[in-house]
Amino acid sequence: MAIYKCFKCGKQISHKALEKRFVCPTCGSKMFFKPRKHIVKIKAV
Ligand SMILES: [Zn+2]
Numbered sequence: 006m007a008i009y010k011c012f013k014c015g016k017q018i019s020h021k022a023l024e025k026r027f028v029c030p031t032c033g034s035k036m037f038f039k040p041r042k043h044i045v046k047i048k049a050v
C-alpha cells in the first residue's frame with residue numbers, strides 16, 4: 006500500500022483515501038509527494 010504525504014502540512018495519507026478525493030483532509034491541499042521509504046522487492050521465479 007502506498008502512503009503519500011501532504012506537501013503543505015506533512016500529514017500522511019493512504020492512497021485509498023486519495024482515491025475518493027485527491028485532497029488533503031486536514032488542510033485541503035492538492036499537492037502530495039511520496040516518501041522514499043518504500044522498498045520494492047522483486048521476486049525472481
Ligand atoms: Zn495537508
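For the sequence shown, position 38 (counting from the first letter as 1) is numbered 43 according to my numbering, and the numbering increases by one without interruption. We put the CB at the ideal spot given by N, CA and C, even for glycine. Predicted model only: the values in this text are computed from it and were never measured.
- Leaving aside the five residues that flank F38 on each side, the residues in its chain whose CB is nearer than 8 Å to its CB run, in chain order, Y9, K10 and F12.
- Take C29, set aside five residues on each side of it, and the residues of its chain with a beta-carbon closer than 6 Å to its own are C11, in chain order.
- Taking C-beta atoms under 8 Å as the contact rule, F27 and K35 qualify, at a distance of about 6 Å.
- Excluding the 5 residues flanking it on each side, G33 has no same chain C-beta neighbour closer than 6 Å.
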